[in-house]
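Colleague:
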Amino acid sequence: MLSVFRQRNLRICAWFCVVLLAYLSLIPGDLEIRTGAPTRLEHFAAYFGATLFFMFGYPRRRVFAAISLMVYACCLELGQLISPGRFASAIDATASMMGVGAAGALSVLISASVLVSGPSFPGERHDLTKRLLEERSDHSHWQK
């Protein structure tokens, strides 16, 4: 589990990404900032990164965060219909949602790996044996 300080920083980064995604999605076409990468890759990468911040900043709300980011991606894509020089694309929205899904899946794999092997951050405590024993004692009534 991440420290409160780290989790707070991840949450700040997550919400910064929400604002940045809105800005980059809704600015007029002549002010649009491009990386030179294919548009779908930009969408995938932007939402992949934002989702990772949400997944680790709000570990107990992963499903809600993922669904919310997918809806947000679609809303921003539709918002481009009213932005001068921009147009909405279902393929771009799909690429954004795929980024959310991929980051969500990766966060689950990373979390599962940390539960099994313990955290790799110095100073963070992890006692899997203790947790497993507590779970076992919680289910001891099943053995009666």
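So the sequence shown is numbered by this note's numbering: it starts at 150 and just counts up by one. Don't be surprised by glycine CBs; every beta carbon is placed ideally from N, CA and C.
Short check: CB of residue 219 to CB of residue 257, under 7 Å?
Modeller: As a working mapping, residue 219 is identified with position 70 in the sequence shown. As a working mapping, residue 257 is identified with position 108 in the sequence shown. Their beta carbons are not under 7 Å apart, which means residue 219 does not touch residue 257 by this criterion.
Colleague: Less than 6 Å separating the Cβ of residue 244 from some heavy atom of the ligand SAH?
Modeller: What this structure holds is no ligand at all, so the ligand SAH is not there to describe.
Colleague: Helix, strand or coil: which one does DSSP assign to residue 236?
Modeller: For this step, residue 236 is matched to residue 87 along the sequence shown. Residue state, collapsed to three classes: coil.
Colleague: To the nearest angstrom, report how far apart residue 186 and residue 261 are at their CA atoms.
Modeller: In the sequence shown, the residue the question calls residue 186 occupies position 37. In the sequence shown, the residue the question calls residue 261 occupies position 112. Each residue's Cα considered, the two are about 32 Å apart.
Colleague: Check whether the region 233 to 247 touches the region 171 to 181, counting contact only when three or more Cβ pairs, one atom from each stretch, lie closer than 8 Å.
Modeller: Judged by Cβ distances under 8 Å, the region 233 to 247 makes contact with the region 171 to 181, as three or more pairs qualify.
Colleague: Does any residue of chain B bring its CB to less than 7 Å from the CB of residue 177?
Modeller: Here chain B cannot be found, since the structure has a single protein chain.
Colleague: Given that a residue counts as buried once 16 or more other Cβ atoms are within 10 Å of its Cβ, and exposed if not, what is residue 200?
Modeller: Translated into positions along the sequence shown, residue 200 becomes position 51. Result: buried.
Colleague: Where does residue 177 sit, in a helix, a strand or coil, going by DSSP?
Modeller: On the sequence shown, residue 177 is found 28 positions in, with the first residue counted as 1. Residue 177 falls in the coil class under three-state DSSP.
Colleague: Please classify residue 351 as buried or exposed, where buried requires at least 16 other C-beta atoms within 10 Å of its C-beta.
Modeller: This structure cannot speak to residue 351, because the chain is shown only from 150 to 293.
Colleague: Does the pairing of the region 205 to 224 with the region 154 to 173 give three or more beta-carbon distances under 8 Å?
Modeller: Touching, yes.
Colleague: Just curious, the alpha helix (DSSP H) that residue 186 is in, first and last residue?
Modeller: Taking the first residue of the sequence shown as 1, we reach residue 186 at position 37. Here residue 186 belongs to no alpha helix (DSSP H), and DSSP marks it neither H nor E.
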